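First up is the structure itself, then whatever we jot down about it.
Protein chains in written order, with my numbering: chain A, 286 to 707; chain Z, 32 to 337.
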């Protein structure tokens with residue numbers, strides 16, 4: 286096969302793949318700025334920032350964030366501690382036990398989250414009863430159960446991250462410290478811990494993110510303390526709103542910020558290291574001129590651009606009022622709906638004329654299905670047309686067939702707007 | 032005191048050693064083993080109100096498992112057709128999602144692992160960012176796209192492919208797309224990690240010896256990447272069989288996922304032993320399927336999770 290053809294097809298594949306990966310997030314973010322009450326990117330109506338203020342006025346969401354932060358902090362502490370202990374033990378456990386031990390501590394990653402949640406709930410409920418404590422004891426509180434349930438598997442993630450770093454640790458360092466008279470605790474704190482610090486930091490971040498977004502386990506254990514994810518799930522399941530999109534947009538922006546900042550720092554460190562390596566002795570002694578934060582650092586440039594963009598958007602949001610546009614769109618929809626109602630009326634008038642001439646020849650049974658004949662009867666009453674509740678009878682069967690349309694709210698039903706427009 | 036314990040405490044110091052052992056025991060025994068055993072035990076008991084627990088009625092029974100197979104006692108049907116259907120559908124769909132993800136992700140992982148250049152970092156970053164977004168929000172994003180008045184339907188009807196909007200949610204396409212979407216990263220990273228360590232010279236050598244591209248993959252890359260492929264597949268399969276958020280948000284109203292049945296047992300009918308029994312069935316079946324697949328493709332347990 287031709288190499289340029291392969292290259293083109295690789296790029297096309299990459300483009301499709303990343304469209305699948307990022308497209309939904311982009312579209313969801315767009316819906317946060319569109320005015321219809323049902324989140325949609327098309328048709329675009331008005332730019333609005335109202336969904337963000339709706340989000341920040343939602344007490345349940347704010348309470349969820351608070352609970353998530355508390356639970357996240359607890360989970361980070363517990364799972365990093367257990368993960369570190371687990372990793373240390375893994376490096377020095379008796380070889381025959383090693384495989385079994387590894388299987389046990391890696392298993393929580395593979396056990397479905399639902400199962401972990403249930404087993405935590407059932408087990409601590411039993412412990413609680415055995416200790417003779419009431420249903421409102423600390424052991425059956427949602428906070429405790431959620432932290433315990435999440436830590437069960439998050440500790441395994443931490444363990445994997447920590448063990449990767451621990452494998453590069455030279456035990457001779459600890460031995461040297463001990464020989465020089467340090468106690469075991471001192472050797473641990475002053476030698477091993479500084480070496481492990483980067484891995485501990487990244488496992489803590491990982492643990493926090495995993496805890497923050499966990500749903501499957503938490504949904505069984507949260508009790509009186511719903512986390513943000515639980516609140517979101519309940520909102521999404523029972524009626525969705527662009528306020529959720531605006532929360533998603535905020536999370537996306539924060540994520541991109543964090544990723545870019547991290548990238549910029551790494552790149553900066555690389556540049557500094559490269560400059561040191563290339564520098565002559567004279568330069569090193571005479572004060573090395575390091576590259577600026579932005580030079581040769583695409584991630585940093587992007588970071589600054591995004592920062593400026595955020596400030597601009599916030600500034601616009603503070604002054605921008607989309608009321609005029611929303612009113613315009615509503616007016617336009619009302620006109621459209623009226624036009625359509627007018628057309629319907631004209632069509633029905635024509636039909637009625639046709640019917641009234643045909644009626645004597647072919648009497649009533651032509652209407653078919655029983656419950657439809659009722660609405661068919663209403664068609665002849667021009668008064669019902671005003672509130673737009675009925676469609677012409679011949680179409681009625683078709684539109685009930687395609688069903689769900691109405692399930693997505695009357696927003697796109699032009700007739701529904703007529704009521705609010707008037 | 033046993034010898035190895037003494038050695039262990041000598042090596043780590045008594046204080047730090049005991050703290051370490053305590054933490055590990057709490058984790059392995061208190062959080063992993065005992066809760067699972069407790070759930071297993073619970074699943075064999077009848078559903079009793081708390082005061083009667085431990086009383087004379089609290090005996091071991093197979094009732095909860097019988098319920099999954101035969102349905103309620105004296106029911107009209109010989110088998111519990113609804114729950115069994117949901118169970119098998121969940122497993123089959125999870126396998127399909129796994130295969131779909133493997134086919135989708137293998138080329139990407141290969142490309143990322145074997146290509147050098149700055150753009151690889153950018154692509155990796157773009158891969159990770161969606162994974163940091165909440166699972167619920169990702170499902171929500173897909174729901175916006177697949178909805179009746181969503182972007183996809185607008186495009187398809189606009190292009191004249193469909194006359195009326197197609198109901199992706201009722202037909203479960205949204206669910207499968209959502210499950211695949213949720214676990215892409217878990218498939219890519221294990222495969223990428225392995226392929227990255229494959230010496231490019233091996234591929235060059237195969238090419239020089241005249242192998243066509245598909246044979247290079249079949250005979251060189253895939254055998255080498257087998258541990259990564261198997262751990263990616265295991266994770267995606269277990270997670271999608273145990274998924275709860277995506278089916279709740281993206282599933283059609285008439286079709287259930289097995290985890291949703293468990294959820295209902297716990298939250299709606301508050302029949303905990305029944306729910307525990309279903310959870311045990313799900314866990315055991317999934318583990319057996321994974322072990323069977325590993326035997327079939329000759330993969331070791333130790334390769335998983337690397």
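Backbone N, C-alpha and C fix where the C-beta goes; we use that ideal spot for every residue, glycine too. Being a predicted model, the structure only gives us computed values, none of them experimental.
What first and last residue would you give for the alpha helix (DSSP H) that runs through residue i?
{"i": "residue 248 of chain Z", "result": "Segment: none, residue 248 of chain Z is in no alpha helix (DSSP H) and carries neither H nor E."}
{"i": "residue 452 of chain A", "result": "Here residue 452 of chain A belongs to no alpha helix (DSSP H), and DSSP marks it neither H nor E."}
{"i": "residue 336 of chain A", "result": "335–341"}
{"i": "residue 203 of chain Z", "result": "Per DSSP, residue 203 of chain Z belongs to no alpha helix (DSSP H) and is neither H nor E."}
{"i": "residue 274 of chain Z", "result": "Where residue 274 of chain Z is concerned, there is no enclosing alpha helix (DSSP H), given that its DSSP letter is neither H nor E."}
{"i": "residue 516 of chain A", "result": "513–522"}
{"i": "residue 303 of chain Z", "result": "303–327"}
{"i": "residue 289 of chain Z", "result": "289–298"}
{"i": "residue 557 of chain A", "result": "527–563"}
{"i": "residue 312 of chain A", "result": "288–316"}
{"i": "residue 76 of chain Z", "result": "Note, residue 76 of chain Z: premise wrong, no alpha helix (DSSP H); not H, not E."}
{"i": "residue 186 of chain Z", "result": "182–189"}
{"i": "residue 223 of chain Z", "result": "215–227"}
{"i": "residue 47 of chain Z", "result": "45–56"}
{"i": "residue 423 of chain A", "result": "Run containing residue 423 of chain A: none; DSSP gives neither H nor E here."}
{"i": "residue 507 of chain A", "result": "First-last for residue 507 of chain A: undefined, no H or E at that position."}
{"i": "residue 96 of chain Z", "result": "94–101"}
Does the Cβ of residue i have 16 or more other Cβ atoms within 10 Å, making it buried, or fewer, making it exposed?
{"i": "residue 129 of chain Z", "result": "buried"}
{"i": "residue 457 of chain A", "result": "exposed"}
{"i": "residue 250 of chain Z", "result": "exposed"}
{"i": "residue 297 of chain A", "result": "exposed"}
{"i": "residue 212 of chain Z", "result": "buried"}
{"i": "residue 304 of chain A", "result": "exposed"}
{"i": "residue 76 of chain Z", "result": "buried"}
{"i": "residue 336 of chain A", "result": "buried"}
{"i": "residue 534 of chain A", "result": "buried"}
{"i": "residue 292 of chain A", "result": "exposed"}
Quick one: which chain A residues come within Cβ less than 7 Å of residue i?
{"i": "residue 43 of chain Z", "result": "469"}
{"i": "residue 163 of chain Z", "result": "494 and 540"}
Does the Cβ-Cβ distance between residue i and residue j come in under 8 Å?
{"i": "residue 158 of chain Z", "j": "residue 217 of chain Z", "result": "no"}
{"i": "residue 219 of chain Z", "j": "residue 393 of chain A", "result": "no"}
{"i": "residue 310 of chain Z", "j": "residue 399 of chain A", "result": "yes"}
{"i": "residue 427 of chain A", "j": "residue 498 of chain A", "result": "no"}
{"i": "residue 51 of chain Z", "j": "residue 373 of chain A", "result": "yes"}
{"i": "residue 183 of chain Z", "j": "residue 199 of chain Z", "result": "yes"}
{"i": "residue 78 of chain Z", "j": "residue 305 of chain Z", "result": "yes"}
{"i": "residue 164 of chain Z", "j": "residue 540 of chain A", "result": "yes"}
{"i": "residue 371 of chain A", "j": "residue 440 of chain A", "result": "yes"}
{"i": "residue 518 of chain A", "j": "residue 500 of chain A", "result": "yes"}
{"i": "residue 553 of chain A", "j": "residue 582 of chain A", "result": "yes"}
{"i": "residue 484 of chain A", "j": "residue 472 of chain A", "result": "no"}
{"i": "residue 313 of chain Z", "j": "residue 328 of chain Z", "result": "no"}
{"i": "residue 491 of chain A", "j": "residue 454 of chain A", "result": "no"}
{"i": "residue 523 of chain A", "j": "residue 334 of chain A", "result": "no"}
{"i": "residue 515 of chain A", "j": "residue 504 of chain A", "result": "yes"}
{"i": "residue 237 of chain Z", "j": "residue 74 of chain Z", "result": "no"}
{"i": "residue 293 of chain Z", "j": "residue 167 of chain Z", "result": "no"}
{"i": "residue 312 of chain A", "j": "residue 175 of chain Z", "result": "yes"}
{"i": "residue 310 of chain A", "j": "residue 161 of chain Z", "result": "yes"}
Residue i versus chain Z: which residues are under 9 Å apart at the beta carbon?
{"i": "residue 337 of chain A", "result": "Residues of chain Z passing the Cβ test: none, with the nearest at roughly 15 Å."}
Starting from the beta carbon of residue i, find every residue of chain Z whose beta carbon is closer than 8 Å, and list them in chain order.
{"i": "residue 625 of chain A", "result": "Ordered by position in chain Z, no residue passes the 8 Å Cβ test against residue 625 of chain A, which lies about 17 Å from the chain."}
{"i": "residue 509 of chain A", "result": "Within 8 Å Cβ-Cβ: nothing; residue 509 of chain A doesn't reach chain Z, min ~15 Å."}
{"i": "residue 555 of chain A", "result": "Correct list: empty, because the minimum Cβ distance to chain Z is about 11 Å."}
{"i": "residue 380 of chain A", "result": "The contacting residues do not exist; residue 380 of chain A stays about 11 Å from chain Z at best."}
{"i": "residue 501 of chain A", "result": "273, 274, 275, 276 and 290"}
Residues of chain A with CB closer than 9 Å to the CB of residue i, please, in chain order.
{"i": "residue 301 of chain Z", "result": "Near residue 301 of chain Z there are no residues of chain A at all, since even the closest Cβ is about 12 Å away, more than 9 Å."}
{"i": "residue 46 of chain Z", "result": "468, 469 and 470"}
Which residues in chain Z sit within 7 Å of residue i, going by Cβ to Cβ distance?
{"i": "residue 399 of chain A", "result": "273, 275, 290, 293 and 310"}
{"i": "residue 371 of chain A", "result": "55 and 58"}
{"i": "residue 393 of chain A", "result": "63"}
{"i": "residue 526 of chain A", "result": "Chain Z residues near residue 526 of chain A: none, gap ~10 Å exceeds 7 Å."}
Does at least one heavy atom of the ligand COA sit under 7 Å from the Cβ of residue i?
{"i": "residue 55 of chain Z", "result": "The model on display carries no ligand, and the ligand COA is accordingly not part of it."}
Item to check | Within the segment 144–176 of chain Z, ranges of the alpha helix (DSSP H) (whole runs, at least 4 residues) | outcome: Secondary structure within the segment 144–176 of chain Z: the alpha helix (DSSP H) runs of 4 or more consecutive residues, fully enclosed, are 150–163 (chain order).
Checklist entry - Along the chain, which unbroken stretches of the alpha helix (DSSP H) at least 4 residues long are found entirely within the segment 363–412 of chain A? => result Counting only runs of 4+ residues, the alpha helix (DSSP H) found wholly inside the segment 363–412 of chain A occupies 380–395, in chain order.
Checklist entry - Going along the segment 296–320 of chain A in order, which residues come within less than 8 Å of chain D, judged by CB to CB distance? => result As a matter of chain content, chain D is missing from the structure shown, whose protein chains are A and Z.
Next on the checklist: Which complete alpha helix (DSSP H) runs does the segment 456–501 of chain A hold, if anything under 4 residues is left out?
Outcome noted: Taken in chain order, the complete alpha helix (DSSP H) segments of 4 residues or longer contained in the segment 456–501 of chain A are 456–464, 469–472 and 478–498.
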